[in-house]
Amino acid sequence: MTSKRAEFDVGWVLESISSYTWACIGIAIAISFSVLGAAWGMFITGASIVGAGVKAPRIKTKNLVSVIFCEAVAIYGIIIAIILVQNIDDTTPEDWLDNYNTYIFNGYCLFFAGLLTGMCNLACGICVGIVGSGAALADAQNGELFVRILVIEIFGSAIGLFGVIIAVLLGNNRKISSS
Amino acid sequence: MTDLAPAYSPFFGCMGAASAIVFASFGAAYGTAKSGIGIASMAVMKPDLIMKSIIPVVMAGILAIYGLVVAALIIGKIGSAPGYTLFDAFCHFAAGLSVGICGIAAGFAIGIVGDAGVRATAQQPRLFVGMILILIFGEVLGLYGFIVGVMLHLKVQS
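Shown next as structure tokens:
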């Protein structure tokens, strides 16, 4: 006796989604969330710089460094996205059947490499922005404080760099291509 | 491709590596930002205490390093099926989740205690040792996640 029952097969879903889908969504998340983090940090620190600059206009040039640290987060994202894009290309059906397991694996690797870059850079960008905001406000009070609070921003920037390191380890040379 | 090593097993291994570094980064970022605000605020009154007050920021950074180490260990062992079984995959997934979510928790603790601690230490210098003790207890939470993560990783033989 057979019965028709519903099947909830997670493994079938994971394998049926094309590896190209995984790879491309990973690339999109890498660049978009990195840029989102960078932008978020920039507006947090930028608002504080111009606000504190009303009474202390001397801070505006020095505190551009905080904005540049946020920009670096976006650069991390685009570097990883470009590295990941090199991995995908067209395949033939025979090639796909020959290397089925490898291509599925590479699709997952590219997805997670992109995802982790985007998320780490999102956190890093917001962190650098918040610390940069504090640095601008302290700098407006006392000009010597900026360089010492910059050390904290460098610690924050290292978080994005860790994400880049792991993304390169995970996503480098994971080719889904026939050539 | 067998039942023990289906083609989709690397998905969970990679998800473990990603969660290790992503969640630990969130915790480290929160710790850094929250303590950084406290340091920037108290630096106006007591500039000479800035370098001593960087300790919460360093401890938050160490949480990111825990995540980095576990993620790197996991990536060293992942591979495509059939060499990479579901057992390996889920061990790695659990390793990543444990270090990651413990990292977020520890990062929150270090951030909030660091913020309050540096502001209080600026006003009452005798509180510095107490703040360090509380921060160490917070850091140890991240270390527990790291230990469990490494133990789970070591179970993977391939």
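If you're matching them up, the sequences are chains D and P in order. Just so we're aligned: the first sequence equals residues 1 to 179 in the numbering used here. Just so we're aligned: the second sequence equals residues 1001 to 1158 in the numbering used here. Beta carbons are placed, not taken as given, at the ideal position from N, Cα and C, and that holds for glycine. Because the structure is a prediction, the values reported are computed rather than measured.
Contacts of residue 152/D in chain P (Cβ-Cβ under 7 Å) | 1032, 1036, 1039, 1054, 1057
Helix, strand or coil at residue 176/D [DSSP, three-state] = strand
Leaving out the 5 sequence neighbours to the left and right, which residues in its chain are closer than 8 Å to residue 122/D when beta-carbon positions are compared?
-> Closer than 8 Å at Cβ, skipping near neighbours: 33, 34, 36, 37, 40.
State whether the segment 1061-1073 of chain P contacts the segment 1006-1022 of chain P, with contact taken as three or more CB pairs (one from each stretch) at a distance under 8 Å.
-> yes
Following the continuous alpha helix (DSSP H) through residue 1030/P, name the residue where it begins and the one where it ends.
-> 1009-1043
Residue 88/D by DSSP, collapsed to three states: which one?
-> In the structure shown, residue 88/D falls within a strand segment according to DSSP collapsed to helix, strand and coil.
Residues, ordered as in the chain, of the segment 1113-1125 of chain P that lie near chain D by beta-carbon distance below 7 Å | none
Thinking residue 1142/P and residue 1066/P are a contact (beta carbons under 8 Å), I'd like their distance in whole angstroms, please.
-> 6 Å
Quick one: what does DSSP say residue 1125/P is sitting in, helix, strand or coil?
-> helix
Quick one: residues in its chain with C-beta nearer than 7 Å to the C-beta of residue 1034/P, no 5 flanking neighbours on either side, listed in chain order?
-> Spatial neighbours of residue 1034/P in its own chain (CB-CB distance under 7 Å, excluding positions within 5 residues in sequence) are listed in chain order as 1111, 1112, 1114, 1115.
Would you say the segment 87-106 of chain D touches the segment 133-151 of chain D, given that touching needs at least three Cβ pairs under 8 Å?
-> no
Beta-carbon spacing of residue 1149/P, residue 1076/P below 8 Å | no
So, residue 1081/P versus residue 172/D, is the Cβ gap smaller than 8 Å?
-> Not closer than 8 Å, so no.
Between residue 67/D and chain P, is there a C-beta pair that is closer than 8 Å?
-> no
What residues of chain P sit near residue 15/D, judged by a beta carbon separation below 7 Å?
-> 1007, 1008
Within chain P, partners of residue 119/D - CB distance below 9 Å = Those within 9 Å of residue 119/D in chain P are 1018, 1021, 1022, 1023, 1025, 1026.
With a Cβ-Cβ cutoff of 8 Å, do residue 159/D and residue 1064/P count as a contact?
-> yes
Mind checking whether residue 1127/P and residue 1056/P have CB atoms under 8 Å apart?
-> no
Within chain P, partners of residue 144/D - CB distance below 7 Å | Contact annotation for residue 144/D against chain P: 1047 [CB-CB distance below 7 Å, chain order].
Any beta-carbon of chain P closer than 8 Å to the one on residue 123/D?
-> So yes, residue 123/D belongs to the interface.
Got a sec, what are the start and stop residues for the alpha helix (DSSP H) residue 1049/P sits in?
-> Note, residue 1049/P: premise wrong, no alpha helix (DSSP H); not H, not E.
Among the residues of its own chain, which have a CB less than 6 Å from the CB of residue 127/D, if the five just before and after it don't count?
-> 156
Classify residue 1006/P as buried or exposed, calling it buried when 16 or more other Cβ atoms lie within 10 Å of its own Cβ.
-> buried
Per the contact definition of three or more C-beta pairs closer than 8 Å, is the segment 2-21 of chain D in contact with the segment 102-110 of chain D?
-> yes
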